[in-house]
Every structure is written in structure tokens, then in C-alpha cells.
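So the sequence lines, in the order shown, correspond to chains A and B. Per the working numbering, the first sequence starts with residue 5, numbered consecutively. Per the working numbering, the second sequence starts with residue 4, numbered consecutively. Down below is the structure, laid out as C-alpha cells.
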Amino acid sequence: MRVGKLWSAVAAGDEYSALDTVRNALDAGLDSEAILLDVIGTVQHRVGVEWAANRTSVAEEHGATAINDRAVASLPQHRAETVRGRITVACVDREWHAMPARLLAEVLRLRGWHVDCLGAQVPSAHLIAHLHRTGADVVALSGSLPTRLPTAHAVITACQSAGTPVIVGGAAFGPGGRYARRLGARGWAPDARAAADRLAQGLPLPDGARRATATLPHLLDQEYTLVKRNARQLVRGTFTGLADRHPAMGVQRRAAWTHRGGPGAHRRLPRRRPLRRRHRAVHRLRDLDRRHPHRPKGVRCRTPARPGSPA
Amino acid sequence: MRNDQRGPSSPVEDSTIGARDQVAAGAALIISADGLVVERNAAAAALMPEIVVGETATGGLPAWLTASAPGDVRGWIGDRSFVAHRLALQGGFTRWWLVDDTDHGLALRQLTAEREHTRFLIEASTSLLSTLNPERCMEVTARLAAKHLADAAVVVAPVAGRRLPMVLCTDGERVEHRSMPRDPATVPGLAEALRGFPPLPSRWIDPASAPEWVVPEGFGAVGSLVVMPLPGPGVPAGALLLLRSSGGTTFSDSEEECAVLFATRAGAALSAARLYAEQAAITDVLMRDLLPPQLPKLEGVEMAAGYRTSGDGERVGGDFYDIHHTDGEVGSGPGALVVLGDVCGKGLEAAVLTGKIRNTLHALLPMADDHHRMLTLLNRALLTSHHTRFATMVLASVTRSGGGARLRLTSAGHPAPLIVRHDGTVEETDTRGSLIGVLPTLTSRTTEVTLAPGETCLLFTDGIPEAKGGPMGDELFGEARLERALAQCAGMPAAAVVERVQMLASEWVGDGKHDDMALVAITAPGGTHLTAVDGTTPGRYTG
Numbered sequence: 005m006r007v008g009k010l011w012s013a014v015a016a017g018d019e020y021s022a023l024d025t026v027r028n029a030l031d032a033g034l035d036s037e038a039i040l041l042d043v044i045g046t047v048q049h050r051v052g053v054e055w056a057a058n059r060t061s062v063a064e065e066h067g068a069t070a071i072n073d074r075a076v077a078s079l080p081q082h083r084a085e086t087v088r089g090r091i092t093v094a095c096v097d098r099e100w101h102a103m104p105a106r107l108l109a110e111v112l113r114l115r116g117w118h119v120d121c122l123g124a125q126v127p128s129a130h131l132i133a134h135l136h137r138t139g140a141d142v143v144a145l146s147g148s149l150p151t152r153l154p155t156a157h158a159v160i161t162a163c164q165s166a167g168t169p170v171i172v173g174g175a176a177f178g179p180g181g182r183y184a185r186r187l188g189a190r191g192w193a194p195d196a197r198a199a200a201d202r203l204a205q206g207l208p209l210p211d212g213a214r215r216a217t218a219t220l221p222h223l224l225d226q227e228y229t230l231v232k233r234n235a236r237q238l239v240r241g242t243f244t245g246l247a248d249r250h251p252a253m254g255v256q257r258r259a260a261w262t263h264r265g266g267p268g269a270h271r272r273l274p275r276r277r278p279l280r281r282r283h284r285a286v287h288r289l290r291d292l293d294r295r296h297p298h299r300p301k302g303v304r305c306r307t308p309a310r311p312g313s314p315a
Numbered sequence: 004m005r006n007d008q009r010g011p012s013s014p015v016e017d018s019t020i021g022a023r024d025q026v027a028a029g030a031a032l033i034i035s036a037d038g039l040v041v042e043r044n045a046a047a048a049a050l051m052p053e054i055v056v057g058e059t060a061t062g063g064l065p066a067w068l069t070a071s072a073p074g075d076v077r078g079w080i081g082d083r084s085f086v087a088h089r090l091a092l093q094g095g096f097t098r099w100w101l102v103d104d105t106d107h108g109l110a111l112r113q114l115t116a117e118r119e120h121t122r123f124l125i126e127a128s129t130s131l132l133s134t135l136n137p138e139r140c141m142e143v144t145a146r147l148a149a150k151h152l153a154d155a156a157v158v159v160a161p162v163a164g165r166r167l168p169m170v171l172c173t174d175g176e177r178v179e180h181r182s183m184p185r186d187p188a189t190v191p192g193l194a195e196a197l198r199g200f201p202p203l204p205s206r207w208i209d210p211a212s213a214p215e216w217v218v219p220e221g222f223g224a225v226g227s228l229v230v231m232p233l234p235g236p237g238v239p240a241g242a243l244l245l246l247r248s249s250g251g252t253t254f255s256d257s258e259e260e261c262a263v264l265f266a267t268r269a270g271a272a273l274s275a276a277r278l279y280a281e282q283a284a285i286t287d288v289l290m291r292d293l294l295p296p297q298l299p300k301l302e303g304v305e306m307a308a309g310y311r312t313s314g315d316g317e318r319v320g321g322d323f324y325d326i327h328h329t330d331g332e333v334g335s336g337p338g339a340l341v342v343l344g345d346v347c348g349k350g351l352e353a354a355v356l357t358g359k360i361r362n363t364l365h366a367l368l369p370m371a372d373d374h375h376r377m378l379t380l381l382n383r384a385l386l387t388s389h390h391t392r393f394a395t396m397v398l399a400s401v402t403r404s405g406g407g408a409r410l411r412l413t414s415a416g417h418p419a420p421l422i423v424r425h426d427g428t429v430e431e432t433d434t435r436g437s438l439i440g441v442l443p444t445l446t447s448r449t450t451e452v453t454l455a456p457g458e459t460c461l462l463f464t465d466g467i468p469e470a471k472g473g474p475m476g477d478e479l480f481g482e483a484r485l486e487r488a489l490a491q492c493a494g495m496p497a498a499a500v501v502e503r504v505q506m507l508a509s510e511w512v513g514d515g516k517h518d519d520m521a522l523v524a525i526t527a528p529g530g531t532h533l534t535a536v537d538g539t540t541p542g543r544y545t546g
């Protein structure tokens, strides 16, 4: 019922009713953790579902999230008597879904952790510098978009080689957290409550000798590295090829690309297209290698220098 | 050589020791089925003088040799270790060859120990190098030492004030932090070790003289205790105390040598961490005023800001924004002056100039009513400073008017702010002006704008429209795309507008290079909440 009330307030962009709902819930004796996760968290999940189903506009989605954020901020700040340890909560670089991390940070604060919440899209360099400065005991990393997994992998590796274990969570890490294990995270939790319980048990210290390729053997042949490095040239090549063969097609696709972009763009694309493109990209690279066997391995697909540009 | 020791390479079928085996280095014995010594060579006689040919062997042979385990057996005779090879002969005779492997075993044990030490030192180096946080580095040192060198380890940091911070570890996993007002001089050698120089050898101290505050809880009686300095280049890094419980083994020479090597590495890592912490603290203090400020609240107007530096590792850049409270114009109540600007260049040098500009503008706040005058004075100040850089900026005086907000905007060489109306139309504001810090006279045109509830004015730096990227990687984000994005932001709260624009620009750039990006959104809050209160709720938040 409270979820329904908060949802209608949030959907209507009505901040004050939203805050009233939260305060009524508190007055009725609901504890802060339950309000955070079972009321605000549930409503936020519904915001995401509505957005994914294309039933709300961008503006409504952002507005709803902003109101939910204020609802979180309106909860009383409890200070636990004993401090369990210091934890840094952050989102992966270029990950804009800050709400799950925010909710986790609040729950951990209630459970007695000293929390530094760095919020959305934290560049890895910032996170590592923060760890060195504060000496956090654990890092909690939130990821919603699977396309950010390679970045998450880099961050997990960097944090854990700095001696700080990482617990991860969020939709990006797959059902049952299967990608969390493969990326080497020391912990995974399906939700904020489970994460707090898992953290209360203590995470194992990172294993310094671990090699990423043990669980991610596809990194060995550098396919990913090559495709990523040449992604833009490959996209350009595809577009030019399309425009050459079907002039009208080229113009349309370009316009479509320009309007797409933003989060969720990958979701709106047909599922198989990126895969096919990736395979073609790899074949192109292998073709190049076959034709130019003497080409140095590190230098591939370089665009010819433009006349007049410095070498 | 090996064959000589083991006897002839071909199987010996007869039950005698040949002439060659008589003088072999290994001891050879032949024992009959009923346990009588049939024959022995010279080496066997020297090794086991009690054995007499023709008598039962059990009296003179070591017990491990007579045990009827099949195959080769190993055991000690006196202080030497032997491998006994058994060979069954015809007629129930058994021939024993005893080969001395004392030195071989010793070498193997030493090799294993050295390998362990090397592995430990490599693990130590890797773990110690990975962190630059002094506390964590102390924890790593204590864990490693407790796991590999002793039953318990205590890392003592140089005295901080009157307290002696230390980390204790017994099981190589869990650590205990203590920080107590204790005098290091009460532990013999500790005060000297903490001073770091002159270098000291590790020092054994009487376990009974160790005060209880250096002993981990539940450790029991201390059997041996050594105090080791952690030598750090230039900076004292602390001291390491290794404890072994009574009843356990004491430290061997090679173990002590390994501990000293470990202490050298730990000392270097700890002092590097301490230096980094000091530098980071200095940087934090110096940078505090250059960081984007916390936004003050202004009654009735929502403001939000976003900032992203060009380099991911940097925290400050050439873009800046500031929001100051002002008394406002006559009859319009309290207001705010929003400044957003961009200093030519990026990185720390540009950031230093942004600090100066922000200070100057703060001092000029009393004349916030007259943007042109403010900018002229700032222009003069920049022209006379030794900086050769110039800046662009936009000033916005915000006051509340009715349900909405009134803005006076002046741009000085800066992209004109954009207004998002509630129906989604995007207007460019009509303000122009010259750069600051270039020409002796400054021209500027101020414009006034009114925001109805739900409308937003966005101030941004050129880092956003000039963000290069897109699917091809070489296209600018552009004003048109920015305007299209803003058109979708009608009615959104200020924070959401900022986040949306920041997100689109960042997505556009991808992994590519970009300039600093700063933006401030000023929104007149939407009025929906007034109609949505249903009367059943106990009250409204007014803040």
C-alpha cells in the first residue's frame, strides 16, 4: 500500500507527497531499512520497469529518480554505536544508475559501517586514489549495464591488487552473479540486504597471484582488445560500405545512430546485430593479418596519415 | 659413482660380497633367512662395529633396519642418515646396502627452506607494493610476518603525538589496531628502532621484559621476542616485533636473515605509503578551494551543477562554477549570483587561475547588480596579473518572482545559456560579450529572462557542445544535439537536467579525449505538489 502511494506520488512528480509517505511509514513504526529497500527500492525498480517498457518518458524517469533520491535523503540519519569498518560504495565508470548504490550505502550506514559513497560513474583512477587515501576495508561496486562489465573488471582487478576486496552487485553481473565470480570479485550479493549480511561475515582478502585469464580465457587471444581498439574504424567501415551499396540506407542509418545513444541504446538494438558485427570485425582483422604477415602485431588497421598532419 | 655405491649394476645372484664391494664406500651386509649375519664389508664394520659375522644381526642392527617393511627404508645411525636398499637373494638371503644421505637430506631441506623464503619475499613485495595507505600497509606487514616469520607480529608506527599506533596479528588473517599513550622506551630497543637512524641490527630482548601492551590478546607466554627496525629511506617507517610462544622453536640464522630482508622491504613500502599520505594531505588542503563548491540553497529556486574534468585522474580543471547569496535588487528579496566560466587551458595550471577568478568575483559581490561593472573590474585585474591566460564566463543573477524565477544573464565570450520552456521549446538567451583578460575595454550585453514553474535555464561550458565522439569518433556533440536533448528535459528537476546532459555528453565522448565540462541548471520548481496534496496527510514539508 505504501509502495502504491509512493509510486503515485513519484509518478506524478509530487515531491511533497512522496516525502509525506516516507514520514508516515516511519511514524507507523516501519524501520528505515525496510523503507529504503521495500518501499523506495521497490518503487525505483518499478520506475526502471516502466522506462524499459517505454511507458514513461526520459523526463518522467529522471524526475521520478530525483524524487526517490530526496525520499532517501529525508530519512533520519542513524549513527550506529560501533563502527564495523570503512567501506567505499561506487558505481563503475560511465555507469549512471546511482540509486542502487545509494540504497546500499544507506543500508550499510544503518548497519554500522563508515560509508564513503562516491556515487555514479566513478573513474577508476579516482577510486584507487580514494582507497589509498582512506584505506577502506572493502569496496562495494554497483553495475547495472552489462556493457560496462569490461570496465568493472578493470576496477575490480585494480582494487583487489591494491589489497582491498570487492563485493559487487547489480543486474550487470548476471543471474546468480555468474559474471562476478568470473571477474574475480571476492563477493557478490543479489540485493542490498544480502550484501550487508555478506559483508558482516567478512570478505576473504584478495589473492594477489590471481590471473584474470584463468577465468576469462577469451582474453588470451586478444580478440576483445583488437575489436575494442578498432571499434570506431569498424563502424565507419560498415557505414561507408552501406552507403556505397545503398546510398539511401547510409543516410538513414546515420540519422538513426545520431538519435539513439544514451543508456539503453543497446537494449533497443536487435539482439543479434552486435554479435554479427563483432565476428565480421574479427574476420576483417584476420584478413588483414593474412594479407600483411609482416605487419607488426601491435599496429593494425591504422588510418593512413592525412597529408600535412604530423607523422 | 652411483653404481659403485649401490653395488654392481647387474643383479647379484650369489650370497657373497665380491672384492670390489668389500672396499665400496657404502656399507653392505648379507643376512641369512634365520637372521644371521653372513658377510659384511669394511664400511659396514666401521659403521656398525657391534655386528659380528656368524651371529644374529638383531643386537647390532638399528631397529628401523630389521623392521620387515618391504622396499627401501630410511633411518639414522648415530648422527648420520642412511637409505637402506634391500635386495632379496637366492636361498632366503637378504643383501642390505646402506647409503649415507645425510648431506643430501640437509641440502634438500635447505633448498626447500630457501625456496620458501624466496616465495615469501616475492609475495611480501607484491602485497607491500600494492597499497599506498599507511594503515593498510602496516596491516599487510603484520599479516605477512605473522603468517611466515613468527607466531605473532606487531608493527609499531612512529609516534603520532602522544600515542603509539600499532597493528597486531597472530593468525595471519585478522589484525588488531591499538593506539595507546605508551612510551616506546619501555620496550628495550624500540625507541631506537622507531627513530630509524642510525641503522640498527635486530635485537633479541628478554621476553619477560616485554610489556603486555605489545602482546596480542590471548597469545599466552612469550618464548622469544625480537625487535627489528623497519628502515625507510629518509622517513622513519616504524618497527617490527616478532613473537614466538614459549615451547615453540626459536629463530634460526636463516630465518632471521629472511626476516631482515622482509623488514627492509616492509620499511621501504611503509615509508613510501607515509610519503604518499603526506603529499595527499598537502594536495587536499591546497586543492580544497579549487574543487567545485557545495551548492547553497536558495528558497524557491532549484539549482544543480555537474563537473567533469578532462583527465579522469584529475579533480580540478579549467572550468569552474560558484554560487553566492546576494541581497538582490531593491524590492526583489534575497537572490543568488551564479557564475560559470572556463579558463583557457586545462589541468592544474588552469585550475589555479580559476581559484583567483573565483576569489576576485567573491570580493566583487557587492556590485553583483551591475554585471558589466563586475566583469570590467575582473577584466582589469586579469590584464594586470602575470597570467597570460584568458577566460570566458557567464553571470546569472537569480531572484524569485511569484511562482517562478527572474534571471539576469550576462555572457563574456561564453556560449549563451539555454532556456527550456515547459512545453519543450529551447531558447537561446540573447547575451553577448567579449573575452576576459584580452582587451583593455570589455563589451557585454545583459539580458533578462523569466522562468515559469518547471522551466530551466542551463549554463554550460564549451566542453559539452564541443565533446567529440559519436559512433564515428570524430563528430562534435554540437549545439543542435544539446538543444534536442534539452527539449526532452522539460519539467525535469534541476538535478535531473544536469545528470541527463552530462550523461549524453559522456556517452557521446565514450573513451575518447574531451575538454573539461561544467554545467549549472537553474530551475523554477514545478507547482504540481500544491494540487496533489490530498488533505489526508499530516502536513507538508516546506523546506
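Don't be surprised by glycine CBs; every beta carbon is placed ideally from N, CA and C.
| Asked | Found |
| --- | --- |
| Do you know whose CA, among B/M370, B/L90, B/G270 and B/G94, lies nearest B/L131's CA? | B/G270 |
| Could you check whether the Cβ of B/R122 sits closer than 7 Å to any Cβ belonging to chain A? | no |
| Nearest chain B C-beta to A/W192 closer than 7 Å, yes or no? | no |
| How many Å lie between A/G268 and B/T428 at the Cα? | Its pLDDT being 42, under 50, A/G268 is placed unreliably in this model, and the value from its coordinates should be taken loosely. About 25 Å. |
| Tell me which same chain residues have a C-beta within less than 7 Å of the C-beta of A/R277, skipping the five on either side of it? | Residue placement at A/R277 is poorly supported in this model, since its pLDDT is 41, which falls under 50; the coordinates still yield a value, given next. Around A/R277: no qualifying Cβ. |
| Which residue from B/P214, B/P191 and B/V218 puts its Cα closest to that of B/P206? | The question names Pro, but residue 206 of chain B is Arg in the sequence shown. The option with the nearest alpha carbon to B/R206 is B/P191. |
| Note down, in chain order, all residues in the region 286–310 of chain B with a beta-carbon under 7 Å from any beta-carbon belonging to chain A. | none |
| Expressed to the nearest angstrom, what Euclidean distance is found between the alpha-carbon atoms of B/R247 and B/P210? | 9 Å |
| Run down chain A in chain order and give the residues with a C-beta less than 8 Å from the C-beta of B/G529. | G17 |
| Report the neighbours of A/A75 on chain B: residues whose CB is nearer than 9 Å to its CB, in chain order. | The premise fails here: A/A75 is roughly 11 Å from chain B at the closest Cβ pair, so nothing lies under 9 Å. |
| Going along the chain, which unbroken runs of the alpha helix (DSSP H) with 4 or more residues stay wholly within the region 408–460 of chain B? | none |
| At 3 residues or longer, and completely inside the region 147–202 of chain B: list those beta strand (DSSP E) runs for me, N to C. | 155–159, 167–172 and 178–183 |
| Taking only three categories from DSSP, how would you classify B/I20? | coil |
| Can you give the beta carbon distance from B/P219 to B/S274, rounded, assuming they're within the 8 Å contact cut? | Incorrect: roughly 25 Å between the Cβ atoms, too far for contact. |
| For the alpha helix (DSSP H) holding B/V355, just list the boundary residues, first then last. | G350 to A366 |
| What are the start and end residues of each continuous alpha helix (DSSP H) run of 4 or more residues lying completely inside the region 226–313 of chain B, in chain order? | 256–290 |
| Any residues in the region 133–160 of chain A with a beta carbon nearer than 8 Å to a beta carbon of chain B? Which ones, in chain order? | A133, L135, H136, R137, T138 and G139 |
| For B/E502, go through chain A and note every residue whose CB falls closer than 9 Å to its CB, in chain order. | H66, T69, A70, W100, A102 and A124 |
| Count Cβ pairs between the region 406–425 of chain B and the region 447–464 of chain B that sit closer than 8 Å; are there 3 or more? | yes |
| Given a limit of 8 Å on CB to CB distance, which residues of the region 425–438 of chain B reach chain A? | none |
| In this structure, does DSSP put B/T464 in helix, strand or coil? | coil |
| Could you tell me if B/H107 is buried or exposed, where buried requires 16 or more neighbouring beta carbons within 10 angstroms of its beta carbon? | exposed |
| What's the gap between the Cα of B/A116 and the Cα of B/R122? | 10 Å |
| If we define contact as Cβ-Cβ less than 7 Å, is B/D330 a contact residue for chain A? | no |
| Out of curiosity, what's the CA-to-CA distance linking B/G502 and A/A77? | Before going further, note that residue 502 of chain B is Glu rather than Gly in the sequence given. Distance between the alpha carbons of B/E502 and A/A77 is about 18 Å. |
| How long is the line joining the alpha carbons of B/Q25 and B/A47, rounded to whole angstroms? | 9 Å |
| Hey, how far is the Cα of B/T444 from the Cα of B/T379? | 7 Å |
| Cβ closer than 8 Å: which chain B residues qualify as neighbours of A/A204? | Those within 8 Å of A/A204 in chain B number zero; the least Cβ separation is about 15 Å. |
| Can you find a C-beta in chain B that's less than 7 Å from the C-beta of A/G167? | yes |
| At what residue ranges does the region 476–515 of chain B contain a whole run of the alpha helix (DSSP H), taking only runs of 4 or more? | 481–490 and 497–512 |
| Can you check which of these residues, B/R411, B/C347 and B/L385, is closest to B/A371 by C-alpha distance? | B/R411 |
| Helix, strand or coil for B/S404 per DSSP? | strand |
| With distance defined between alpha-carbon atoms, name the residue in B/G175, B/L298 and B/T357 nearest to B/L340. | B/L298 |
| Report the residues of the region 127–154 of chain B with a CB closer than 7 Å to any CB of chain A, ordered along the chain. | T129, S130, S133, T134, L135, N136, E138, R139 and V143 |
| So, for A/A199: in the same chain, excluding its five sequence neighbours on each side, which residues have a beta-carbon less than 7 Å away from its beta-carbon? | L108, A144, I171, G173 and A193 |
| Tell me where the alpha helix (DSSP H) around A/L153 begins and ends. | L153 to S165 |
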